[in-house]
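Reminder that position 4 of the sequence shown reads as 206 in our numbering, one-by-one numbering, no gaps. Cβ atoms here follow ideal geometry from the backbone N, Cα and C, with glycine treated the same way. Values in this document were obtained by computation on a predicted structure and should not be read as measured data. Before any comments, here is the structure.
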Amino acid sequence: IPTIANQWASSANSTMDFLPSEFNPAIEVKSTTSQDERIHKLSINQIRYFQNEPSALVSSVIVYEFENGISCRDICESILSKLKSNTIGFNQISAALLAFSDLNDFNNCYFDEGMTIGSIKFYNPDFKELPLQNPPFWLRGGKLDIEMSVIKESDISNY
Numbered sequence: 203i204p205t206i207a208n209q210w211a212s213s214a215n216s217t218m219d220f221l222p223s224e225f226n227p228a229i230e231v232k233s234t235t236s237q238d239e240r241i242h243k244l245s246i247n248q249i250r251y252f253q254n255e256p257s258a259l260v261s262s263v264i265v266y267e268f269e270n271g272i273s274c275r276d277i278c279e280s281i282l283s284k285l286k287s288n289t290i291g292f293n294q295i296s297a298a299l300l301a302f303s304d305l306n307d308f309n310n311c312y313f314d315e316g317m318t319i320g321s322i323k324f325y326n327p328d329f330k331e332l333p334l335q336n337p338p339f340w341l342r343g344g345k346l347d348i349e350m351s352v353i354k355e356s357d358i359s360n361y
């Protein structure tokens, strides 16, 4: 956790959730509560990033709600307990705890930790077929719904 936590790009304007390092590729994390399909929204900027960085991954998580489970606040506090206080990751997660402390869902929605962790899959998307490298000047942004089951799963054991 300590190494990857330092790569977290906490800005809402960041293209990817985790920046690449010598230990991991860039990773975009997507979640869904749907147990039937893994459909995630990716921005045009994210699609372009994947086109230019073939090692980048999408991490897809199915979040299982469970009344006696763990909250997002609990998860952040657990991660903080594993980090040194002088690290970027510690500072980022501390800031997130402070920023989200008043949000009801952050504190009071609970999830089955084991089932949620067990649902994590990594995908290595290849969007070369999409003509977004040199888009028309009028195309400023947008999001695409991507069905992850048709994307190649990645073997993350190399990282």
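{"Check": "Pair within 8 Å by beta-carbon distance, Gly271 and Phe313", "Outcome": "yes"}
{"Check": "Spatial neighbours of Ser273 in its chain, beta-carbon cut-off 8 Å, leaving aside the 5 residues before and after", "Outcome": "Phe308, Asn309, Asn310, Cys311, Tyr312 and Phe313"}
{"Check": "With 16 other Cβ atoms within 10 Å as the buried cut-off, status of Trp340", "Outcome": "exposed"}
{"Check": "Every unbroken alpha helix (DSSP H) inside the region 306-333 [4 residues or more]", "Outcome": "306-310 and 315-320"}
{"Check": "Contacting residues, own chain, Cβ-Cβ under 6 Å from Ile290 (five flanking each side not counted)", "Outcome": "Asn208"}
{"Check": "Cross-strand partners of Asp347 (DSSP beta bridge)", "Outcome": "Lys243"}
{"Check": "Asn306 to Asn336 span [Cα, whole Å]", "Outcome": "42 Å"}
{"Check": "With 16 other Cβ atoms within 10 Å as the buried cut-off, status of Arg240", "Outcome": "buried"}
{"Check": "Close Cβ partners of Met317 (< 6 Å) along its chain, the five nearest in sequence each way excluded", "Outcome": "Tyr266"}
{"Check": "Assigned secondary structure, Glu279 (DSSP; H/G/I helix, E/B strand, else coil)", "Outcome": "helix"}
{"Check": "Close-in-space but distant-in-sequence residues of the same chain around Glu355 (CB under 8 Å, 5 per side omitted)", "Outcome": "Lys323, Phe324, Tyr325 and Asn326"}
{"Check": "Contacts around Glu269, its chain only, beta-carbon distance under 8 Å, and the 5 residues preceding and following it disregarded", "Outcome": "Tyr312"}
{"Check": "Nearest-angstrom Cβ-Cβ length linking Val260 and Lys232, presumed shorter than 8 Å", "Outcome": "6 Å"}
{"Check": "Reference Pro227, options Thr234, Ile206, Ile249 and Asn247, closest by Cα", "Outcome": "Ile206"}
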